[in-house]
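Engineer: Just so it is clear: in the sequence shown, position 20 is 4 by the numbering used here, and no numbers are missing. The C-beta atom is built at its ideal place from N, Cα and C for all residues, glycine as well. Have a look at the structure that comes next, please.
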Amino acid sequence: MKKNQVLVDTTNTQQVRDSMMSRNFEFEYFSAKAKITLADDKGTRTFNASIRIKHDSAIWVSFQSVGIEGLRLLANKDSIYMIDRLNKKFYVYDYSYFNEYTSVEVDYQIFEELISGIPILFDEKKLKAKKEDSTYVLKNDGKKRTSFIQLNPDYTLLDVNLVDSTMGKSLKLKYKNYNRDNTKPFALEREFQLNDEQHTVVFVTFSKVKIDEPLKFPFNVKEKYE
-15 MKKNQVLVDT
-5 TNTQQVRDSM
5 MSRNFEFEYF
15 SAKAKITLAD
25 DKGTRTFNAS
35 IRIKHDSAIW
45 VSFQSVGIEG
55 LRLLANKDSI
65 YMIDRLNKKF
75 YVYDYSYFNE
85 YTSVEVDYQI
95 FEELISGIPI
105 LFDEKKLKAK
115 KEDSTYVLKN
125 DGKKRTSFIQ
135 LNPDYTLLDV
145 NLVDSTMGKS
155 LKLKYKNYNR
165 DNTKPFALER
175 EFQLNDEQHT
185 VVFVTFSKVK
195 IDEPLKFPFN
205 VKEKYE
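Printed below as a string of structure tokens:
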């Protein structure tokens, strides 16, 4: 059955935008545990992660399998640093390196927004809304990228489709099971469809979400690491 679609005027588009942004999960510090399942044409792999964020400053992630840390990551606005515990190697990359493998161009801000579940807007001046049954859909056109954001009736994110026309790639995100223990809702279940040649889908389930408790970001590289 075809959905009922109604275009929203400029004033109401702003109201929809403001209602959506009022649901933003805001914090100075963020920490959580996550179970991550990566599925593609090669099979399925599952591992755990501990995540820490200082807003607009640093993202720290420790990846573990069977209780053993294999990889530690620290991202700031310019670079991503990685310690490979298993192979005793140390890497430093800028974000352009990862854009070869990601479905859309990623920088620090988008990286943090993907974790925190904040809407990704490329140019807020070019925002259009339409109503589909009980949900709203926002279209946001940037110079090279476009985001399509579908909202639940309470203006939390339902799904987001990011399209990068220059790279010919897209990333679809789904948000489920909102936790409301903190001041703003946070989606505990996420699905990332990379739309790549390997048909990669990443499922993330968050737990033990805490905000605004001061955190440390330990990242010591041993001299014997290459």
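Check arginine 1 in the structure and name its three-state DSSP category.
Structural biologist: In the structure shown, arginine 1 sits in a helix (DSSP, three-state: H, G or I).
Engineer: With three or more C-beta pairs closer than 8 Å as the rule, is the segment 172 to 189 touching the segment 197 to 210?
Structural biologist: no
Engineer: Enumerate in chain order the residues of its own chain whose CB-to-CB distance from leucine 142 is below 8 Å, with the five nearest sequence positions on each side excluded.
Structural biologist: Thr119, Gln134, Leu135, Asn136, Lys158 and Tyr159
Engineer: In whole angstroms, give me the CA-to-CA distance for serine 154 and glutamate 116.
Structural biologist: So the alpha carbons of these two residues sit roughly 22 Å apart.
Engineer: Using only alpha-carbon positions, find the residue among Lys123, Tyr139, Thr167 and Asn166 that is nearest to leucine 146.
Structural biologist: When only C-alpha atoms are compared, the closest one is Lys123.
Engineer: For leucine 70, is the classification buried or exposed, using 16 other Cβ atoms within 10 angstroms of its Cβ as the cut-off for buried?
Structural biologist: Counting every other CB atom within 10 Å of its CB across the protein chains shown gives leucine 70 a total below 16, marking it as exposed.
Engineer: Per DSSP, what kind of secondary structure is tyrosine 209 in: helix, strand or coil?
Structural biologist: Looking at tyrosine 209 - three-state DSSP - the assignment turns out to be coil, as it is neither helix nor strand.
Engineer: Note down, in chain order, each residue of its chain lying with its Cβ closer than 7 Å to the Cβ of valine 0, except the 5 sequence neighbours on either side.
Structural biologist: Val(-8), Ala113, Tyr120 and Leu122
Engineer: Going by beta-carbon coordinates alone, are valine 45 and isoleucine 35 separated by less than 7 Å?
Structural biologist: yes
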